[in-house]
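Per this note's numbering, the sequence shown starts with residue 4, numbered consecutively. A quick write-up on the structure given underneath.
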Amino acid sequence: APDVTIDKRSEQRFSEDWSTPTVTFTYHEISVSPEEHQELADTLAAYSQTRKVQLDEKADEMNIKAQKALDENADDFWGMYLDTQVITKRSDSNIYSIMESEIMYGYDEYQDTYYGAVFDVTTGKRLELTDLCEDKNLFLNTVVNQCVADLETEYPEADFYQNYEQIIIDQI
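Below you can see the structure in the form of structure tokens.
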């Protein structure tokens with residue numbers, strides 16, 4: 004199994020006059036001891052950098068909203084937050100996989116999003132669904148049908164989003 008380290012980092016954005024923190028966000032640097040797994044180390048470094056850029060962009064967007072909230076009511080302003088967690092789900096001689104959560108809150112907003120990523124330990128390649136099955140559509144339909152059946156069984160009285168089948172597919 005690869006020797007993987009996940010380091011959590013934090014950054015802030017500030018008000019236009021630099022007096023008030025407006026957005027606090029976290030990101031992760033995922034690294035591998037490269038002696039045995041140089042390809043995986045390179046892929047995870049690139050993945051970490053890409054996620055950092057994405058989170059920087061989200062923090063900048065949040066900062067615009069936060070600045071507006073601060074301007075409207077400085078006495079009641081407490082900032083916006085984008086917190087991420089990265090958890091290793093599998094790590095062996097074949098596969099390294101992670102689950103990442105992203106929670107944004109503040110200024111009357113709350114959103115949580117989850118991502119997964121699977122990597123081939125030997126080649127370092129990020130694996131996609133098409134690498135794991137021959138018929139992607141058959142796989143997606145099977146998963147969606149099972150999820151829908153499970154949801155409707157578990158919550159028979161619930162009204163789900165009209166397009167929740169597509170939401171499930173988008174999350175896969």
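Note that the Cβ used here is the ideal one computed from N, Cα and C, for glycine as well.
Burial is judged here by how many other beta carbons sit within 10 angstroms of a residue's own beta carbon; Ser104 has fewer than 16 and is exposed. Contact annotation: Val121 and Ser96 have beta-carbon atoms that are not nearer than 9 Å. DSSP places Asp45 in no beta strand (DSSP E) but in the uninterrupted alpha helix (DSSP H) bounded by 41 to 75. CA-to-CA, the gap between Ser34 and Leu47 works out to about 6 Å.
For Ala120, the enclosing beta strand (DSSP E) begins and ends at 112 to 123. In this structure, the CA atom of Asn76 is about 17 Å from the CA atom of Tyr108.
Between Ile106 and Asp134, the C-beta gap is not smaller than 9 Å, which leaves the two residues out of contact. Within a 10 Å sphere around the beta-carbon of Gly82 sit 16 or more other beta-carbons, which makes this residue buried.
Annotation: the continuous beta strand (DSSP E) that includes Asp86 extends over 83 to 94.
Rounded to the nearest whole angstrom, the C-alpha separation of Tyr30 and Ser100 is 17 Å. Beyond the five residues adjoining it in sequence on each side, Leu130 comes within less than 7 Å, by CB distance, of Val121, Phe122, Asp123 in the same chain, given in chain order. Here Val146 is not bridged, per DSSP, to any residue. The C-beta of Thr8 has fewer than 16 other C-beta atoms within 10 Å across all chains shown, which makes the residue exposed. Of the residues Pro24, Leu73, Val151, Phe142, the one whose Cα lies closest to the Cα of Ile170 is Val151. Between the C-alpha atoms of Thr23 and Ser94 there is a straight-line separation of about 41 Å. Here the alpha carbons of Leu43 and Glu112 stand approximately 36 Å from one another.
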